[in-house]
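Report on the structure given below.
Numbering (the UniProt record's numbering), first residue to last: 1 to 109.
Structure, rendered in structure tokens:
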């Protein structure tokens with residue numbers, strides 16, 4: 001049997017890649033306004049491992065006009081499938097926080 005470990009950074013990369021194919025939704029990216037904010041900033045991806053599987057917490061930005069319930073369902077499915085296919089482990093939950101709705105001119109041109 002082969003022993004291996006998957007780092008948290010690698011798991012976060014898998015999640016980010018799963019989101020890259022989805023239209024109108026992305027990880028929240030905000031620039032810190034102060035040095036203190038650099039250390040307090042919430043990470044947009046958090047993956048926890050438990051004996052029952054993974055729990056993923058995401059903080060997202062959604063384009064104005066996108067159906068948030070449909071986008072949330074697509075995100076949950078994409079993330080759960082990506083992690084399962086890469087690791088073989090179940091995903092217990094993909095929790096989402098939509099922290100920003102963004103009006104993007106190129107999306108409405």
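We put the beta carbon where it would ideally sit given N, CA and C, even for glycine.
Buried or exposed by the 16-neighbour rule on C-beta atoms within 10 Å, applied to residue i
i	result
residue 85	exposed
residue 78	buried
residue 44	buried
residue 18	buried
residue 91	buried
residue 10	exposed
Spatial neighbours of residue i in its chain, beta-carbon cut-off 7 Å, leaving aside the 5 residues before and after
i	result
residue 72	96
residue 14	82, 83, 86
residue 16	27, 45
residue 12	45, 47
Distance cut-off 6 Å: residue i Cβ against heavy atoms of the ligand PLP
i	result
residue 43	With respect to small molecules bound, the structure shown includes none, and the ligand PLP cannot be examined in it.
Sequence-distant residues of the same chain with beta carbon closer than 6 Å to residue i, five excluded per side
i	result
residue 46	57
Residue i in three-state terms, based on DSSP
i	result
residue 90	coil
residue 2	coil
residue 73	helix
residue 27	strand
Rounded straight-line distance, which links the Cα of residue j to that of residue i
i	j	result
residue 104	residue 4	42 Å
residue 76	residue 2	30 Å
residue 24	residue 66	6 Å
Own chain residues within Cβ distance below 8 Å of residue i, not counting five before or after
i	result
residue 102	61, 62, 63, 64
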